[in-house]
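Using this note's numbering, the final residue of the sequence shown is 582, and nothing's skipped along the way.
To start, the structure under review is shown below, and the notes come after it.
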Amino acid sequence: MRRVYEEWVRPLRIDRLDVRLPGAGLSQVAFGEQLPEGDGLELLRLHGGRVARAVLTGELWARPVRRVFTPDPAHARLWSALVFGSELLESLTEPEMAVLAVRGGAVSPVTSYVASAPGKRPRTVSLGGGTGRGPSTHEGLGGGLGHGGPTGSGSAFDHRAYLHAALQKAFGGCPPGPKSARVTLETTVDEVVDVPAVRLAGRHAAAVRQCLGEAAWSLALPGEFRAQLARHEIEVSR
Numbered sequence: 345m346r347r348v349y350e351e352w353v354r355p356l357r358i359d360r361l362d363v364r365l366p367g368a369g370l371s372q373v374a375f376g377e378q379l380p381e382g383d384g385l386e387l388l389r390l391h392g393g394r395v396a397r398a399v400l401t402g403e404l405w406a407r408p409v410r411r412v413f414t415p416d417p418a419h420a421r422l423w424s425a426l427v428f429g430s431e432l433l434e435s436l437t438e439p440e441m442a443v444l445a446v447r448g449g450a451v452s453p454v455t456s457y458v459a460s461a462p463g464k465r466p467r468t469v470s471l472g473g474g475t476g477r478g479p480s481t482h483e484g485l486g487g488g489l490g491h492g493g494p495t496g497s498g499s500a501f502d503h504r505a506y507l508h509a510a511l512q513k514a515f516g517g518c519p520p521g522p523k524s525a526r527v528t529l530e531t532t533v534d535e536v537v538d539v540p541a542v543r544l545a546g547r548h549a550a551a552v553r554q555c556l557g558e559a560a561w562s563l564a565l566p567g568e569f570r571a572q573l574a575r576h577e578i579e580v581s582r
């Protein structure tokens, strides 16, 4: 009976539930018409592009509610690892597995981990078809890919100049506001896997930060980006 009376005092569910994922090729995601208190929503599938946000709308006691959820870097890294225990694994190619495994720090069909004392670099060891080498973490673990392949670039390609030109152009198209910015982004091979920070100062910074962050996430990198994991600090101005 408590549950019955409790609903007279406060809302216990979202009614007329509607979830949309702009840019995901889905006009609407079917989760049912109600979201009871304590329940969650999950949609696990592969998509070729970046989903910038999820928009949830509904009613609490007939009062309209709307929430917008944007990508969370920590959550993205978590699911990069959890995909190796899901049914989606069979749909991935080895290069795709490598990107997700490195991003999520997961042991996978294409990656391995070696133990090392904290503060020391692990020795180069045999990892099946190739060798792996990686920096130690605070837990004394180093990661490396378990197959051969180029990880660096001996060409004259200027990775920093490429990123600067792309972000400089994007910055010029962002809303008025701050005149300079510093963007931190991480790449795995030719894919942007994280944009942990967009630093700027001045008025209207929030809109510019969102604009520049989305531009960084959507960068299409050329094949000259070969490093398994790289971090870039790029300063732009206008």
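Glycine is no exception: its CB is placed at the ideal position from the N, C-alpha and C atoms.
Computed from a predicted model, the values in this text were never measured in an experiment.
For residue i, does the count of other Cβ atoms within 10 angstroms reach 16, so buried, or fall short, so exposed?
i, result
"R346", "exposed"
"L507", "buried"
"D502", "exposed"
"G557", "buried"
"A509", "exposed"
"G384", "exposed"
"S452", "buried"
"V348", "exposed"
"A450", "buried"
"G448", "buried"
Figure out for me which residue from the options has the closest Cα to the Cα of residue i.
i, options, result
"T414", "E579, H391 and P366", "P366"
"S424", "L387, T437, A442 and S524", "A442"
"A396", "D383, A406 and P417", "P417"
"L379", "R394, L361, P355 and G393", "L361"
"H391", "R570, G546, L432 and L556", "L432"
"Q572", "E535, A564, V580 and W561", "E535"
"S500", "G402, E579, E568 and S430", "According to the sequence shown, residue 500 is Ala rather than Ser. Here the closest residue by C-alpha is E568."
"G546", "A574, P520 and E377", "P520"
"S430", "E440, V454 and L388", "L388"
"A564", "L511, A420, V353 and Q554", "L511"
Give the secondary structure of residue i by DSSP, where H, G and I count as helix, E and B as strand, and everything else as coil.
i, result
"S524", "strand"
"E568", "coil"
"S456", "strand"
"P540", "strand"
"H576", "strand"
"R364", "strand"
"R504", "helix"
"L529", "strand"
"P494", "Confidence is the limiting factor: at P494 the pLDDT is only 39, short of 50, which leaves the residue's position unreliable, though a coordinate-based value still follows. Coil at P494, not helix or strand."
"S581", "strand"
"R357", "strand"
"S562", "coil"
So residue i and residue j are in contact, right, with Cβ under 8 Å, and what is the actual spacing, rounded?
i, j, result
"A549", "P522", "6 Å"
"T531", "V446", "That belief does not hold up - the Cβ atoms of T531 and V446 are roughly 11 Å apart, past 8 Å."
"L544", "S562", "Rounded, the Cβ-Cβ distance is 19 Å, inconsistent with contact."
"E403", "I358", "7 Å"
"R422", "E381", "For the record, residue 422 in the displayed sequence is Leu; it is not Arg. Going by Cβ atoms, the distance from L422 to E381 rounds to 24 Å, so no, they are not a contact pair."
"V399", "V409", "About 11 Å separates the two Cβ atoms, so there is no contact after all."
"V527", "V580", "7 Å"
Between residue i and chain C, is any beta-carbon pair separated by less than 8 Å?
i, result
"A550", "Note that chain C does not occur in the displayed structure, where there is just one protein chain."
Does the beta carbon of residue i fall short of 7 Å from some heavy atom of the ligand FMN?
i, result
"L565", "With respect to the ligand FMN, the structure shown offers nothing to examine, as it has no ligands at all."
(request) Entirely within the stretch 366-412 and at least 3 residues each: give me those beta strand (DSSP E) ranges in chain order. (result) Complete beta strand (DSSP E) runs here, min 3: 370-373, 378-380 and 398-404.
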